[in-house]
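Residue numbers (our numbering), protein chains in the order written: chain X, 1 to 154; chain L, 155 to 260.
Every residue, glycine too, gets a C-beta built ideally from N, C-alpha and C.
Every value quoted in this text rests on a predicted model; they were computed, and no experiment measured them.
Shown next, in structure tokens, is the structure this report addresses.
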Amino acid sequence: MADLIVFVVLLLLGYGFGQWAEKRHYRSIREREARLRRRILLVQSKYPPQVGGGHRSQLVTGSVVVSVDYFKRFLAGLRNLFGGRVKSYESLVDRARREAILRMQEQALGLGADQVVNLKLETASIYKGRRQAIGSIEVLAYGTALVPPAAAGA
Amino acid sequence: MLVTNLEIVPGRRIARHLGLVQGSTVRAKHVGRDLMAGIKNIFGGELKGYTELLQESRDEALARMQAQAEAVGANAVLNVRFSTSSVAQGAAELFAYGTAVVLEDG
Chain X
1 MADLIVFVVL
11 LLLGYGFGQW
21 AEKRHYRSIR
31 EREARLRRRI
41 LLVQSKYPPQ
51 VGGGHRSQLV
61 TGSVVVSVDY
71 FKRFLAGLRN
81 LFGGRVKSYE
91 SLVDRARREA
101 ILRMQEQALG
111 LGADQVVNLK
121 LETASIYKGR
131 RQAIGSIEVL
141 AYGTALVPPA
151 AAGA
Chain L
155 MLVTNLEIVP
165 GRRIARHLGL
175 VQGSTVRAKH
185 VGRDLMAGIK
195 NIFGGELKGY
205 TELLQESRDE
215 ALARMQAQAE
225 AVGANAVLNV
235 RFSTSSVAQG
245 AAELFAYGTA
255 VVLEDG
């Protein structure tokens, strides 16, 4: 009986805080994405679209470790029985990727860069909970920031 | 030392290729951080301790790679890649590798 109560409490805590944290995180991601999109160009290609000459290049990285909450892990466990899309993990991975890219862009902006080229993403699951359920993931985003000569001199 | 994940450097010529250089580090998290992570696993959200730990480790791997590049006489490392793998429960390896080159002054 005590076990059941603990389980239900954990589930409710996970649901409450998890949903709240996710909503807040998404709001902050959307805000920053809208702000950064106009200020810094992000390219996946190896070759910059406009090489002006005299650009200084530097490696920039952004990383984040995000954990899933108890409620979502429980949902995913249920999903394992029936198969299909695991929506609760999809949002986790999506949030982590966007956050990592944003952090990388923020670092580039701090250097005075006007574009980041050759964006690469890497995902690793770093914490395995009980029954080998994936607890949290790390996403690393890295690329080369190109700093125009004017900003480099300043 | 110039470190970039491009294969070329805009506006500079590569004088000499010196081959692959690499740096790696294996890190384990300590108990305090583990405890925090356990709590975060209930509530969800970012594990700041882990983010920092991995960032530090990655910088360490990069520094080792640069030291190796310096040892072979390079002044830049191009086409840098990162890779992460969990070696054992609670330990992760961070690996950085790239091509050491000598760039002409430009």
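query                                                                                                                                                                  : result
Assuming the contact rule is C-beta atoms closer than 8 Å, Ala145 of chain X and Ala113 of chain X should be a hit. Round their C-beta distance to whole Å, please.    : 4 Å
Which residue or residues does DSSP assign as beta-bridge partners of Phe249 of chain L?                                                                               : L:Ser178, L:Ser237
Going along the chain, which residues of its own chain have a beta-carbon closer than 6 Å to the beta-carbon of Phe236 of chain L, five neighbours each way excluded?  : Ala250
Listing by chain order, which chain L residues have their CB less than 8 Å from the CB of Gly14 of chain X?                                                            : Ile196, Phe197, Gly198
Hey, how far is the Cα of Gly252 of chain L from the Cα of Ala225 of chain L?                                                                                          : 14 Å
Assign Met155 of chain L to buried or exposed, taking buried as 16 or more other Cβ atoms, counted over all protein chains shown, within 10 Å of its Cβ.               : exposed
Can you tell me whether Ala217 of chain L is buried or exposed? The criterion is at least 16 other CB atoms within 10 Å of its CB, across all chains shown.            : exposed
Which runs of the alpha helix (DSSP H) at least 4 residues long sit entirely within the region 63-141 of chain X? Give them in chain order.                            : 70-82, 87-110
Could you tell me the alpha carbon to alpha carbon distance between Arg181 of chain L and Ser211 of chain L, rounded to whole angstroms?                               : 7 Å
Could you list which residues in chain L have their beta carbon closer than 8 Å to that of Glu122 of chain X, in chain order?                                          : Phe236, Ser237, Thr238
Determine the direct distance from the alpha carbon of Ile137 of chain X to that of Val93 of chain X, and round the result to whole angstroms.                         : 8 Å
Could you pull out every residue in the same chain whose Cβ sits closer than 6 Å to the Cβ of Arg79 of chain X, ignoring the five residues on either side in sequence? : Val86
Let me know if Gly18 of chain X comes out buried or exposed under the rule of 16 or more other beta-carbons within 10 Å of its beta-carbon.                            : buried
Identify which residue in L:Ala230, L:Leu248, L:Glu247, L:Ser240 has its Cα closest to the Cα of Val256 of chain L.                                                    : L:Ala230
Near Gln44 of chain X, what residues of its chain come up, given a Cβ to Cβ distance below 6 Å and the 5 sequence neighbours on each side ignored?                     : Leu119
Quick check: the Cα distance between Glu99 of chain X and Glu31 of chain X, rounded to an integer number of angstroms?                                                 : 12 Å
If I follow the unbroken alpha helix (DSSP H) through Arg35 of chain X, where does it start and stop?                                                                  : 2-37
Give me the chain L residues within the contact set of Asp69 of chain X, using Cβ-Cβ distance strictly less than 7 Å, ordered along the chain.                         : Ile196, Phe197, Gly198
Do Gly143 of chain X and Asn159 of chain L have their C-beta atoms within less than 8 Å of each other?                                                                 : yes
Show which residues of chain X have a CB atom less than 8 Å away from the CB atom of Asn159 of chain L.                                                                : Leu59, Asn118, Lys120, Tyr142, Gly143, Thr144
Counting C-beta neighbours from all protein chains within 10 Å, is the total for Arg170 of chain L 16 or more, i.e. buried, or is it exposed?                          : exposed
For the candidate residues L:Gly198, L:Glu258, L:Gly177, L:Lys183, whose alpha-carbon lies nearest to that of Met219 of chain L?                                       : L:Gly177
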